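**Student:** Chains as they are written, first to last, in this note's numbering: chain A, 6 to 250; chain B, 6 to 250. Glycine included, every Cβ here is placed at the ideal spot set by N, Cα and C. Model, not experiment: these values are computed from the prediction. Structure incoming, see below.
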């Protein structure tokens, strides 16, 4: 059962309040690293898995992408994406990532931003992406860090006074469902190990190009002291892989 | 200052009691994964960084390696390595990993087993390995998992009754010195992020071949119930990289 929390109005409204929602890419702390890891998009055909508000789709056409497909399970997300700027080069398709299906070698680039924690089994998805990519095509995605998703709650471990003690890890090698707290609600997410991502990409036929863990910049910490805590544990992983020629 | 704890007799004796010391490779839980990630060693020139008892050096000549160099900072380790089976194809050199220096393209394979937590700065070492490898040469190493080294103590977080609650993570992006508990003693180790390993290899010129996190097998858990805890957090990372041709 693929969960579609974003079509719940209240949850959708809370998501709208996040900086990455209303500010777009500049409101996403990891964007500078993700952007640097993207290939040249000029003239390319791109697919965005879990496109949400479509920020990355619009960025791609701004960079000269010839055709962009954004898929998302949430109708509200896709409506919002179209509202924020329709473009004849962008096609939005409502479908779950697990069901995505385009002809072989349809795309030069496949991206995904913070969506794979909604996917139970990465391997079929990786194989589908591999099939849909042209030889030499790039697969670049951000995901929640395995260290961040292992325990489940995605919350700090606090002392009785509410001070942060550490970030807890447990059940690391037990992949699968977790009850996480996100936007004040219980949300089902899936934990994947680092091996599931990296060795999994190799098993699906990809070459690994790069792996980075974005961290807050001094400027981000100056603007929001809370960001200092983000130096205490990694929240995201950004991975770049390639289909061999 | 490069620490040389293994020339302390008491510490050396405790190390000798570990399964991986007296049983060799079969006593190292991660060996099946590391072995699988090694290239064909037939006829190759191999360097082992932090060779310890020399188990991997002897394995390499058993596999047909033509010349193997094992380096270690500890004289006791190298004496023990020679005791366990001297071979004219193996040369042991006493030096710190940070000081290793052989002519460019001297080796076809460079390996290291659980030694990089003694290295403060990985980047100069990665660049040295890159220089010493022939084009197409492989660099395969196991290291302590960044999740395991971040907090410092390398110990579980317990409740008042001594039960394991979780494995704590903190100071993740603050790389550097940690006071870890190993073999009942305080040992200085260095924490490196996952990016320092993987993006660091890319920065040094390597291609990434594979990344795996070894986990206990059902057999290991059947033989030692304590091993079940090793499913709760990853302790090691095994990385395979390659110098482009």
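Can you pull the chain A residues whose beta carbon is under 8 angstroms from the beta carbon of residue 236(B), in chain order?
**Tutor:** Simply 176, 177, 178 and 179.
**Student:** Quick one: measure Cβ to Cβ for residue 180(B) and residue 209(B), integer angstroms, because I've assumed they're closer than 8 angstroms.
**Tutor:** The pair is not a contact, with the Cβ atoms about 16 angstroms apart (cut-off 8 angstroms).
**Student:** Measure the C-alpha to C-alpha separation of residue 189(A) and residue 232(A) and round it to an integer number of angstroms.
**Tutor:** For residue 189(A) and residue 232(A), the distance between alpha carbons rounds to 19 angstroms.
**Student:** Less than 8 angstroms between the CB atoms is what I'm expecting for residue 211(A) and residue 135(A), so what's the real figure, rounded?
**Tutor:** At roughly 6 angstroms, the Cβ-Cβ gap stays under 8 angstroms, so residue 211(A) and residue 135(A) are in contact.
**Student:** Taking C-beta to C-beta, are residue 155(B) and residue 174(B) nearer than 7 angstroms?
**Tutor:** Yes.
**Student:** Rounded to whole angstroms, what's the CA-CA distance from residue 10(B) to residue 22(B)? Just pull it up for me.
**Tutor:** The straight-line gap from Cα to Cα measures roughly 16 angstroms.
**Student:** Quick one: residues in its chain with C-beta nearer than 6 angstroms to the C-beta of residue 240(A), no 5 flanking neighbours on either side, listed in chain order?
**Tutor:** Within the same chain, residue 240(A) has close Cβ partners 150 and 153.
**Student:** Which chain B residues sit within Cβ distance under 7 angstroms of residue 156(A)?
**Tutor:** Within 7 angstroms Cβ-Cβ: 171.
**Student:** How would you list, in chain order, the residues of chain B whose beta-carbon sits under 9 angstroms from the beta-carbon of residue 162(A)?
**Tutor:** By Cβ distance, chain B contributes 162, 170, 171 and 173.
**Student:** Does residue 198(A) have its Cβ less than 7 angstroms from a Cβ in chain B?
**Tutor:** Residue 198(A) counts as touching chain B.
**Student:** Using a Cβ-Cβ cutoff of less than 6 angstroms, which residues in the same chain neighbour residue 119(B) once the five nearest sequence positions on both sides are dropped?
**Tutor:** Closer than 6 angstroms at the Cβ level, and outside the excluded window around residue 119(B), lie 147.
**Student:** What residue range is occupied by the uninterrupted alpha helix (DSSP H) comprising residue 84(A)?
**Tutor:** Per DSSP, residue 84(A) belongs to the alpha helix (DSSP H) from 80-88.
**Student:** In three-state DSSP terms, what is residue 181(B)?
**Tutor:** Of the three classes helix, strand and coil, the one that applies to residue 181(B) here is strand, per DSSP.
**Student:** Where does the unbroken beta strand (DSSP E) through residue 194(B) begin, and where does it stop?
**Tutor:** It spans 190-196 - the beta strand (DSSP E) in which residue 194(B) sits, taken as one unbroken run.
**Student:** For residue 206(B), tell me which candidate among 204(A), 205(A) and 214(A) has the shortest Cα-Cα distance.
**Tutor:** Looking at the Cα atoms, 214(A) is the closest of the given residues.
**Student:** Out of 172(A), 220(A) and 54(A), point me to the one whose CA is closest to residue 35(A)'s CA.
**Tutor:** The option with the nearest alpha carbon to residue 35(A) is 220(A).
**Student:** Where does residue 204(B) fall in DSSP's three states?
**Tutor:** DSSP places residue 204(B) in helix when its eight states are reduced to three.
**Student:** Can you tell which of 170(B), 196(B), 191(B) and 169(B) has its C-alpha closest to the C-alpha of residue 182(B)?
**Tutor:** It is 196(B) whose Cα lies nearest to the Cα of residue 182(B).
**Student:** Quick one: is residue 190(B) near chain A, going by C-beta distance under 7 angstroms?
**Tutor:** Judged by the 7 angstroms Cβ criterion, residue 190(B) is not in contact with chain A.
**Student:** So residue 222(A) is in the beta strand (DSSP E); what residue range does that whole segment cover?
**Tutor:** Careful: residue 222(A) lies outside any beta strand (DSSP E) and carries neither H nor E.
**Student:** DSSP beta-bridge partners for residue 231(B)?
**Tutor:** Paired residues: none, contrary to the question.
**Student:** Assuming contact is defined by CB atoms lying nearer than 7 angstroms, are residue 83(A) and residue 97(A) in contact in what I supplied?
**Tutor:** Contact: yes.
**Student:** Under 7 angstroms, Cβ to Cβ, is there at least one residue of chain B near residue 207(A)?
**Tutor:** Yes, because at least one Cβ of chain B sits closer than 7 angstroms to the Cβ of residue 207(A).
**Student:** Alpha carbon to alpha carbon, how far is residue 74(B) from residue 51(B)?
**Tutor:** Taking the straight line joining both Cα atoms gives about 6 angstroms.
**Student:** Does residue 35(B) get closer than 7 angstroms to chain A when you measure Cβ to Cβ?
**Tutor:** Answer no: the Cβ-Cβ gap between residue 35(B) and chain A never drops below 7 angstroms.
**Student:** Does chain B have any CB closer than 7 angstroms to the CB of residue 122(A)?
**Tutor:** Taking Cβ atoms only, chain B never reaches closer than 7 angstroms to residue 122(A), which makes this a no.
**Student:** Under 9 angstroms between beta-carbons, which chain B residues line up against residue 225(A)? List them in chain order, please.
**Tutor:** Near residue 225(A) there are no residues of chain B at all, since even the closest Cβ is about 13 angstroms away, more than 9 angstroms.
**Student:** How should residue 217(B) be labelled, buried or exposed, when 16 other C-beta atoms within 10 angstroms of its C-beta is the threshold for buried?
**Tutor:** Residue 217(B) should be labelled buried.
**Student:** Which residues share a DSSP beta bridge with residue 97(A)?
**Tutor:** Paired residue(s): 75(A).
**Student:** What residues match up with residue 173(B) in a beta bridge as DSSP calls it?
**Tutor:** For residue 173(B), which the question treats as bridged, DSSP gives the partners 173(A).
**Student:** For residue 54(A) versus residue 102(A), is the C-beta spacing smaller than 7 angstroms?
**Tutor:** Yes, the Cβ-Cβ distance between residue 54(A) and residue 102(A) is below 7 angstroms.
**Student:** Against chain A, does residue 215(B) count as a neighbour if the rule is that its beta carbon must be under 7 angstroms from one of theirs?
**Tutor:** Answer yes: the Cβ-Cβ gap between residue 215(B) and chain A drops below 7 angstroms somewhere.
**Student:** List the residues of chain A whose Cβ lies closer than 9 angstroms to the Cβ of residue 51(B), in chain order.
**Tutor:** Near residue 51(B) there are no residues of chain A at all, since even the closest Cβ is about 23 angstroms away, more than 9 angstroms.
**Student:** Under 9 angstroms, CB to CB, which of the residues in the segment 18-43 of chain B have a partner in chain A?
**Tutor:** Correct list: empty, as no residue qualifies.
**Student:** Do residue 177(A) and residue 238(B) count as a contact pair if the criterion is CB distance below 7 angstroms?
**Tutor:** Yes, the pair counts as a contact, with Cβ atoms nearer than the cut-off.
**Student:** Whose C-beta lies closer than 7 angstroms to the C-beta of residue 158(A) among residues of the same chain, with five residues either side of it excluded?
**Tutor:** Result list for residue 158(A): 185 and 186, in chain order.
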